[in-house]
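Everything on this sheet refers to the single structure shown next.
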Amino acid sequence: MAKASRIGHLLLRFLAFSATLSAVIVMVSSHENATFFTISFEAKYTKSPSFKYFVIANSVVTVYGFFILFLPAESLLWRLVVATDMGLTMLLISSISAALAIAQVAKKGNNYAAWLPICSSVPKFCNHMTGSLIASFAGVVIYMILLLHSIHRVLDPLLMRKP
7 MAKASRIGHL
17 LLRFLAFSAT
27 LSAVIVMVSS
37 HENATFFTIS
47 FEAKYTKSPS
57 FKYFVIANSV
67 VTVYGFFILF
77 LPAESLLWRL
87 VVATDMGLTM
97 LLISSISAAL
107 AIAQVAKKGN
117 NYAAWLPICS
127 SVPKFCNHMT
137 GSLIASFAGV
147 VIYMILLLHS
157 IHRVLDPLLM
167 RKP
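Numbering (the working numbering), first residue to last: 7 to 169.
If you want it as structure tokens, here you go:
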């Protein structure tokens, strides 16, 4: 039973790693040039601090996820992993929130601030942006499941183990 639990845990960790890596790759590869009336502009993730933060946060979580895949099951570092999982899950949530706010403005614009929507002019960029946000959100959901599993396994909150 413990081996099946460990395999399931590793599978979830690998899925979380894959989701955040996919989010980084898709966002970094999003790039499109467009002309709006007589003005030419370039849509790229580096043009927005929120998207830069999103890429950096997902990159940090991806590197962390890669290293955790090789942590032995009997290591005492798993108690630290619980706290680190919590912090990185919050980091992912904040980066998704920031990127989602900018994506909403890109898609719908803001009439009160006179910001025009750009997704009709750069649909490829907006599709990449949406795909990256979805992949990162999947990573957050998996990290939340992992966090609950880690708390149950490492800290045993209900004190179900017999001495």
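By construction, the Cβ of each residue, glycine as well, lies at the ideal position given by its N, Cα and C atoms.
Apart from sequence neighbours up to five positions away, the residues of its chain that approach Thr95 with a beta-carbon distance below 7 Å are Val146, Tyr149, Met150 and Leu153, ordered along the chain. Unbroken beta strand (DSSP E) stretches of 3 residues or longer found wholly inside the segment 16–101: 37–42 and 45–50, given in chain order. The three-state secondary structure of Asn117, taken from DSSP, is coil. In chain order, Ala25, Ser28, Ala29 and Val32 place their CB closer than 7 Å to the CB of Ala141, counting only its own chain and leaving out the 5 sequence neighbours on each side.
The shortest C-alpha to C-alpha distance from Cys132 to any of Ala10, His37 and Ser156 is the one to His37.
Counting only the Cα atoms, Thr90 lies some 40 Å from Phe47. Counting the other Cβ atoms within 10 Å of the Cβ of Val128 gives 16 or more, which makes it buried. Excluding five sequence positions before and after Ser138, the CB atoms of its chain that fall closer than 6 Å to its own CB belong to Ala29, Val32 and Met33, given in chain order. Shown here, Leu122 sits in coil according to DSSP, grouped into three states, outside any helix or strand. The C-beta distance from Pro123 to Ala112 rounds to 7 Å, short enough to fall under 8 Å. For Ala109, the CB contacts under 6 Å within the same chain, skipping 5 residues up- and downstream, are Met135 in chain order.
Residues Tyr51 and Thr52 of the same chain have their beta carbon placed closer than 8 Å to that of Lys58, with the five preceding and five following residues left out of the count. Of the residues Trp121, Pro78, Cys125 and Ala63, the one whose Cα lies closest to the Cα of Phe143 is Ala63. Distance from the Cα of Leu86 is smallest, within the candidate group Ser65, Ala10 and Tyr70, for Tyr70.
Leaving aside the five residues that flank Cys125 on each side, the residues in its chain whose CB is nearer than 7 Å to its CB run, in chain order, Ala112, Lys113 and Cys132. The residues Phe60, Leu139, Ser142, Phe143 and Val146, in chain order, have a CB closer than 8 Å to that of Ile102 in the same chain once the five nearest residues on each side in sequence are set aside.
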